[in-house]
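Written below as structure tokens is the structure these notes are about.
Numbering (full-length UniProt numbering), first residue to last: 1 to 634.
Printed below as a string of structure tokens:
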């Protein structure tokens, strides 16, 4: 390009090079704004998840408008940052339209002001070269900067996650899987060799010839390879969720849980009961002290969690189907009656998070999942709070005391009437252990625990009298439920299939576009944006057209000048318009000089018009981008 137009090409290239630091600055700004957008999006999504989980309470108390304002406020904060990012993107996209035209304009104007004649050849060469540079400077380079900025933000977020402290589990598993010979479950008397098969519903089965006729199964203690009993030892444990907070969640916890013990953990709300369970699981890191867990853990959370699938799939949770154990777990967790009420029994499909079930049903299914897993230590985080009193009594007696006999059961509860059956009671308050002991020893102590026990015992007594009045008719009803439950387990072919989410296909109607335009500001704003789009294109095309007109005009004028000079002076074969001329010369040179002087005004007028069209293209294109993204982000 330098060989074609000389130093005039340098001015246009300098203009393009000036875009590099500008694009780098905009890319850095995009990275900062993208990080802010991610944080505010996370905040809005978290708020929406909490609202969806508690939508029943919100509907019950008519809190739709206050929570709607909270979501709207979070969305406005998010859109504010997104709008700034969109403006930067609009500027970068506008460079594609006017950067080449401005560079061509600068080079051609410089070429003309230096006394050269703008020809079609020169204009074509300059335009072609700048179009090649445009692909790199205004398309690929800005896209690379934008993608790099977003990549850096993602890398930083991933890096922050990957640099979290690793969880040091530090516990010894007792069994490799639920069917290992060391579990003591497979070696029961009169049991036959089990085989693992796979059913039609993608669930592995452990079939036994006498599985449905054998007496009730009770879990037995699980020993590891070295015959060490399961147990939990906590030594001077100090832990907190947030390392930046000075106050500890758990403070100087020391506890010894022996094998085959039922341990009840009680305390007021916020005492650290669930945090202690999380520390045993390894989810809460220890600041000092340590926890030694010897055994296989099974955990039932305080908030029941269900996934979209059948009730059976939620209970099995990917483990093989052992009909004998499954039937016992269903019975011990008081789910038999619920299965008879459901049209498809345990093959009933529950929605996401168990939306079709009550709170008590979800709690019992979550408990059944934990109990079904063959483990040596069961951590139960307040599973009795979501069920009725008589159901809670059944779960405690039949499941935790009888079925899990011989296992370590750590039970968090507020139902103090069950504490007299616990082997060990732990009282927590403000993250500290107030006292540890048996029911009798704590009852004789001077704590307020005794008063709580008396009140709870009176409530339990009243409930017991009501239960005894219904015990006669309840025995026959439970027998019928048990028979129905067995039939439900055998009927595996009529289970409903889980419906997949459908996708609606087709064209978008005019009504949807109408709503979209109305949400963006109405049709008036849409027409204004369309006017700017058309005007920007007219300005750009007008500049291209005027450049063609100017080049043709200059070539025609140069041709007329050449013809006039060849007619007047026969000895001169050509006229070099770039040669300096003497204004005092007469004859042909004077005529040429006066002709050029007469055309100088027209030449500057053409330059002014071309400049105005180029500036209008830049201004209108930027305005169009701002208006478009402003309407699109609304």
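Even for Gly, the Cβ is constructed at its ideal location relative to N, Cα and C.
Alpha helix (DSSP H) segment containing residue i, residue limits
i: residue 101; result: 64 to 113
i: residue 367; result: 359 to 372
i: residue 243; result: Residue 243 -> no alpha helix (DSSP H), and no H or E assigned at all.
i: residue 347; result: Note, residue 347: premise wrong, no alpha helix (DSSP H); not H, not E.
i: residue 7; result: No alpha helix (DSSP H) holds residue 7; DSSP gives it neither H nor E.
i: residue 521; result: Element bounds for residue 521: n/a, residue is neither H nor E.
i: residue 392; result: 389 to 394
i: residue 133; result: 120 to 134
i: residue 326; result: 323 to 332
i: residue 50; result: 19 to 53
i: residue 164; result: Premise fails: residue 164 is in no alpha helix (DSSP H) and is neither H nor E.
i: residue 315; result: 311 to 316
Own chain, CB closer than 6 Å to residue i, minus 5 neighbours either side, in chain order
i: residue 329; result: 368, 371, 372
i: residue 428; result: 267, 271, 272, 273
i: residue 653; result: Since the displayed the chain opens at 1 and closes at 634, residue 653 lies outside it and no answer follows.
i: residue 310; result: 347, 349
i: residue 436; result: 426
i: residue 360; result: 386, 387
i: residue 230; result: 259, 294, 295, 376, 377, 408
i: residue 277; result: 379, 381
i: residue 94; result: 621, 622, 625
i: residue 123; result: 551
i: residue 434; result: 427
Exposed unless 16 or more other CB atoms sit within 10 angstroms - verdict on residue i
i: residue 574; result: Residue confidence for residue 574 is low, a pLDDT of 44 falling below 50, so the modelled location carries little weight and cannot support an answer.
i: residue 375; result: buried
i: residue 527; result: exposed
i: residue 76; result: exposed
i: residue 531; result: exposed
i: residue 160; result: exposed
i: residue 245; result: exposed
i: residue 46; result: exposed
i: residue 198; result: For residue 198, the predicted structure reports a pLDDT of 35, less than 50, and the residue's modelled location is therefore unreliable. A value from the coordinates is still provided. Flag for residue 198 reads exposed.
i: residue 421; result: exposed
i: residue 614; result: buried
i: residue 1; result: buried
i: residue 321; result: buried
i: residue 333; result: buried
i: residue 506; result: exposed
i: residue 247; result: exposed
i: residue 317; result: exposed
i: residue 42; result: exposed
i: residue 3; result: exposed
Contacts around residue i, its chain only, beta-carbon distance under 8 Å, and the 5 residues preceding and following it disregarded
i: residue 275; result: 239, 241, 249, 250, 284, 431
i: residue 97; result: 536, 540, 617, 621
i: residue 58; result: 51, 64, 67
i: residue 571; result: Residue placement at residue 571 is poorly supported in this model, since its pLDDT is 48, which falls under 50; the coordinates still yield a value, given next. Answer for residue 571: no residue qualifies.
i: residue 71; result: 44, 47, 48, 51
i: residue 34; result: 85, 149, 150, 153
Sequence-distant residues of its chain with Cβ nearer than 7 Å to residue i (five each side left out)
i: residue 165; result: 285
i: residue 555; result: 119, 120
i: residue 673; result: With the chain covering 1 to 634 only, the question about residue 673 has no answer from this structure.
i: residue 392; result: 384, 415
i: residue 252; result: 236, 238, 432
i: residue 145; result: 23, 24, 27
i: residue 439; result: 419, 420, 422, 425
i: residue 5; result: 107, 111, 122, 126
Beta strand (DSSP E) segment containing residue i, residue limits
i: residue 234; result: 231 to 239
i: residue 378; result: 377 to 381
Neighbour flag for residue i against chain D, beta carbons, 9 Å
i: residue 288; result: In the structure shown, chain D does not exist; there is a single protein chain.
Near the ligand NAP: residue i beta-carbon under 8 Å from a heavy atom
i: residue 612; result: Although the ligand NAP was asked about, the structure shown includes no ligands whatsoever.
Sufficient close CB pairs (3 or more, under 8 Å) joining the region 52 to 62 to the region 104 to 117: Output reads no: the region 104 to 117 does not touch the region 52 to 62.
Ordered list of alpha helix (DSSP H) runs contained in the region 250 to 301, each at least 4 residues: Taking only runs of at least 4 residues, the alpha helix (DSSP H) segments lying wholly in the region 250 to 301 are 273 to 281.
field: alpha helix (DSSP H) runs contained entirely in the region 402 to 448, provided each spans 4 or more residues
entry: Taking only runs of at least 4 residues, the alpha helix (DSSP H) segments lying wholly in the region 402 to 448 are 439 to 443.
query: Using 8 Å as the threshold, is the region 620 to 634 in touch with the region 74 to 88, meaning 3 or more CB pairs across them?
result: Touching, yes.
message: I'd like to know if the region 148 to 163 and the region 27 to 38 are in contact, where contact means that at least 3 CB-CB pairs between them fall below 8 Å.
response: Touching, yes, given that three or more Cβ pairs across the two stretches are closer than 8 Å.
message: With a threshold of 8 Å, are at least 3 pairs of Cβ atoms found where one atom belongs to the region 290 to 302 and the other to the region 375 to 387?
response: Contact between the region 290 to 302 and the region 375 to 387 is present: 3 or more CB-CB pairs across the two stretches fall below 8 Å.
- prompt: Does the pairing of the region 255 to 264 with the region 411 to 420 give three or more beta-carbon distances under 8 Å?
  reply: Verdict: yes, contact present.
- prompt: Considering only residues of the region 500 to 564, which uninterrupted beta strand (DSSP E) runs meet the minimum length of 3 residues and lie entirely inside it, listed in chain order?
  reply: Complete beta strand (DSSP E) runs here, min 3: none at all.
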